[in-house]
Amino acid sequence: MTGKMTRQLSSTRSEALIKVANAVNSTLELDELFKLTLSESIKAITHADGGALFVYEPQAGLLVCRSHMNFDEAVEQIRLSPGESFTGQCFSDRKAILLPTQKEIKMNSSTMTQENLLLLNQSMARHPGRNSFRAMSVPLITARDECIGVVTLNGFAEEGSFSSEDMTLLQAIAGQAATALEKAGLYEDIRAKNSMLEKLSRFHQELLSHMNNGLGLQAMLDQLSSVVGRPLSLLTVYGEVFGSAVSVKDSQIDEFMIRNGRQLLGKLFVYNGNLNEMSTTDRHLIQQSILYFALEINRRASVRNIEQRYKSELVDDLLTGALTDDFLGRAAGLGLDVSGCLLPVAVKIQEPAAENPVGQLIHQNELAGFLEMEIKRRFPGSLVVFRENLYLLLISAGLQSNTHSLVEKLTKIAEGAVQFAKESKNLSTAKFGAGHLVSSLDELADSLQSAIMTLKFMETANFKGLVADSSRFALQRLLNSATDREIDLFISSTLGPVFQYDEEKGTDLARTLQVYCRHLQRPGQAAKELHIHPNTLQYRIKQISRLFGLDFQDSDAMLDVQLACKLSSQS
């Protein structure tokens, strides 16, 4: 009788194994396979009415529930470390564990973290005993002897028990399931790689389409952002900024350099916030995108260089007087409106030397970009040309315009540039030298030269303002026609004896005279700058008058002295 019962049990288990084998080999979908493994195991074990299948995730180093029966969804949040609870112990020891009583289950669950224990209790709260009356766990070991997870079965009904034969059957089922899971995992890997290749190919085609259609960096950046699911921004060394407005406060940022060989072209910023770590695919997409960004940045730079060359050639022709018949057509093609008046302006962006040349270049380009944007906004139809470290502006204005109102607008732009530099923590500023307003192309070259000369005088005279027009520096313009030799002779004949006396006696009368003349012969201010008492200043002036025969009451003589002092201080 016993032998017959044993044969029946053996036959039943064989049938169960065949059913399980047929079920787990019927699909290559991992999620479906997890469910089948668990459900067929519960069907095969008589007194099992629930369970959970945990899979080990190497990156996290944790066992994660991938399928469950007769548990609430809270079990899905449980994350077990190897060795934690009897399920984790089964995984780390690679041995089956049979716990036939509630007491043994509780003892072997004592190593669970409070968080996991709370989740486990929540997941079993619907059962009368609020716990399992029996449990057993077996490891999922593949044909390559790799443990990939654990199957744990539970009995929530008080009647019944798990036997060693049940555990042996579950081990056999787990062996078949592990082989099927390994095969399905390889299939998933191949499918994931194929999917990634398709995604990369489609992504590359879209990037190329954006480039070919001239949609530019912003469209390319938007596309990448939508694919990786993160806000992005891009900064080029030319001061261009692309991307959505993103608050970077408390946000983790990944930076990627954009290079063309060793040449730095810009940076890509990825704002992760509280998002999960980027996948390998996303990082690969970003690296691939950087190649296209570099191509687009170089293409934009080439377009700018060509446009700048055409602009420079136009200005060169203007300055040399080579106004050919096609000059107006070329000017119009570059966006210059010549239907009204034109005001030439020379601008120099001044910036202290920076330790970081790339940072300095970015700051300069940012300020230059701001300048060009404001000029085109306030003076539509104007032309901005960069030539020999100067920005030459041909301001387009209406026929009824006047220089005063145009200079007021330029002053606002200059003040805005200073404020823009401060906000970007940059010490750059800009000086604007304007020529005179002209309505004829024949006068344009002279006016442009006048603008360049005005800017030069602003620098040599230490002009404190941001903008000056051609009505200023009249004396400097008059003297500009004299040769250096003639100016040196004039200074020597007027102040030479004073310089010689200082050299022989070790005095400072020449500087005293220069400061006195600069302050229009007002002793109080001059004495303050020289850090001497006004009486001392008066004594020195009398000494100069006595020694060199200078009559400070003679307006003609004083004009020569003042002019010589001014010229000597600039030489």
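With our numbering, you'll find the sequence shown wraps up at 572, consecutive numbering, no jumps. By construction, the Cβ of each residue, glycine as well, lies at the ideal position given by its N, Cα and C atoms. Predicted, not measured: the structure shown is a model, and the values here were computed from it.
Beta-carbon proximity check, residue i vs residue j, cutoff 8 angstroms
i: residue 91; j: residue 140; result: yes
i: residue 87; j: residue 98; result: yes
i: residue 176; j: residue 64; result: no
i: residue 269; j: residue 235; result: yes
i: residue 383; j: residue 400; result: no
i: residue 436; j: residue 498; result: no
i: residue 54; j: residue 72; result: no
i: residue 1; j: residue 45; result: With the chain covering only 2 through 572, there is no way to say anything about residue 1.
i: residue 531; j: residue 513; result: yes
i: residue 131; j: residue 162; result: no
i: residue 565; j: residue 464; result: no
i: residue 109; j: residue 100; result: yes
i: residue 117; j: residue 81; result: yes
i: residue 433; j: residue 462; result: no
i: residue 385; j: residue 313; result: no
i: residue 337; j: residue 280; result: no
i: residue 152; j: residue 38; result: yes
i: residue 222; j: residue 233; result: yes
i: residue 143; j: residue 179; result: yes
i: residue 391; j: residue 347; result: yes
i: residue 472; j: residue 438; result: no
i: residue 510; j: residue 527; result: no
i: residue 272; j: residue 231; result: yes
Status (buried if at least 16 other CB within 10 Å, exposed otherwise) for residue i
i: residue 311; result: exposed
i: residue 552; result: exposed
i: residue 84; result: exposed
i: residue 287; result: buried
i: residue 534; result: exposed
i: residue 52; result: buried
i: residue 137; result: buried
i: residue 165; result: exposed
i: residue 367; result: buried
i: residue 521; result: exposed
i: residue 555; result: exposed
i: residue 297; result: buried
i: residue 602; result: The question about residue 602 has no answer here: the residues shown for the chain are numbered 2 through 572.
i: residue 548; result: exposed
i: residue 145; result: exposed
i: residue 329; result: exposed
i: residue 569; result: buried
i: residue 237; result: buried
i: residue 227; result: exposed
Beta carbon proximity, residue i to chain C, threshold 8 angstroms
i: residue 451; result: Considering every chain present, this structure includes no chain C. It has just one protein chain.
Distance, residue j Cα to residue i Cα
i: residue 1; j: residue 423; result: The shown model of the chain, from 2 to 572, leaves out residue 1, and the question about it has no answer.
i: residue 258; j: residue 516; result: 54 angstroms
i: residue 412; j: residue 468; result: 6 angstroms
i: residue 182; j: residue 147; result: 12 angstroms
i: residue 70; j: residue 43; result: 9 angstroms
i: residue 443; j: residue 381; result: 22 angstroms
i: residue 542; j: residue 561; result: 16 angstroms
i: residue 290; j: residue 431; result: 37 angstroms
i: residue 283; j: residue 326; result: 56 angstroms
i: residue 115; j: residue 123; result: 12 angstroms
i: residue 188; j: residue 111; result: Any reading at residue 188 is ruled out, since the residue's pLDDT is 40, under 50, leaving its predicted position unreliable.
i: residue 1; j: residue 477; result: Because the chain spans 2 through 572 in this model, residue 1 falls outside it and cannot be assessed.
i: residue 440; j: residue 260; result: 47 angstroms
i: residue 567; j: residue 536; result: 24 angstroms
i: residue 93; j: residue 159; result: 30 angstroms
i: residue 493; j: residue 319; result: 39 angstroms
i: residue 523; j: residue 448; result: 37 angstroms
i: residue 251; j: residue 342; result: Low per-residue confidence applies at residue 251: pLDDT is 49, beneath 50, and the placement is therefore not dependable, though the value from the model is reported in the following sentence. One C-alpha to the other measures close to 53 angstroms.
i: residue 370; j: residue 263; result: 25 angstroms
i: residue 339; j: residue 349; result: 24 angstroms
i: residue 156; j: residue 62; result: 29 angstroms
i: residue 295; j: residue 418; result: 29 angstroms
Quick one: any contact between the stretch 444-459 and the stretch 402-411, if contact means 3 or more CB pairs under 8 angstroms? Counting Cβ pairs under 8 angstroms, fewer than three are found: no touch.
Minimum length 4: unbroken alpha helix (DSSP H) runs contained in the stretch 510-570: The stretch 510-570 contains these whole alpha helix (DSSP H) runs: 510-519, 524-531, 535-549.
Counting pairs of beta carbons, one from the stretch 368-378 and one from the stretch 302-320, are three or more of them closer than 8 angstroms? Result no; under three Cβ-Cβ pairs closer than 8 angstroms.
Alpha helix (DSSP H) runs contained entirely in the stretch 114-185, provided each spans 4 or more residues: Assignment of alpha helix (DSSP H) within the stretch 114-185, counting only whole runs of 4 or more residues, yields 115-124 in chain order.
Output the residue ranges of the alpha helix (DSSP H) runs that lie fully inside the stretch 374-442 and measure 4 residues or longer, sorted by chain position. 404-424, all fully within the stretch 374-442.
To test your reading of the DSSP string, which unbroken beta strand (DSSP E) runs of 3 or more residues are found completely within the stretch 58-121? Segments of the beta strand (DSSP E) lying fully in the stretch 58-121: 63-70, 98-100.
Taking only runs of the alpha helix (DSSP H) that begin and end inside the stretch 297-363, which ones reach a length of at least 4 residues, in chain order? Entirely contained in the stretch 297-363, the alpha helix (DSSP H) runs reaching 4 residues are, in chain order, 328-334.
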